[in-house]
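Undergrad: Residue numbers (our numbering): 6 to 106.
A single structure is presented below for examination.
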């Protein structure tokens, strides 16, 4: 499944989702809504089968027909570690995506 993992900056939360979902066979692109043009975001939305938003406050900014909200809240995780233990624990509480291949 092609997944777009969306957070504000695309540095922590979405990258962690990418690593977790790629491990189980999904194609994932992490993206920060505040770092890309509307044209680039639209291209990514068109590419994706699902768009996972990691902060409920960002949900209104993405296509609703592909939207999954995995609300782990605002970015408060350490940029010094690729996998903040609290973030990984929170993400594992959400249901895994079923591969479409």
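We put the CB at the ideal spot given by N, CA and C, even for glycine.
When the Cα of residue 34 is compared with those of 23, 28 and 40, which residue comes out closest?
TA: 23
Undergrad: Would you give the residue range spanned by the beta strand (DSSP E) that residue 59 belongs to?
TA: Segment: none, residue 59 is in no beta strand (DSSP E) and carries neither H nor E.
Undergrad: Please classify residue 36: is it buried, with 16 or more other beta-carbons within 10 angstroms of its beta-carbon, or exposed?
TA: buried
Undergrad: Keeping to the same chain, check which residues put their C-beta closer than 6 Å to that of residue 55; ignore five residues upstream and five downstream.
TA: Excluding positions up to five away in sequence, the list reads 8, 71 and 73.
Undergrad: The beta strand (DSSP E) that contains residue 68, what's its start and end?
TA: Careful: residue 68 lies outside any beta strand (DSSP E) and carries neither H nor E.
Undergrad: Can you give me the C-alpha to C-alpha distance between residue 92 and residue 14, rounded to a whole angstrom?
TA: 16 Å
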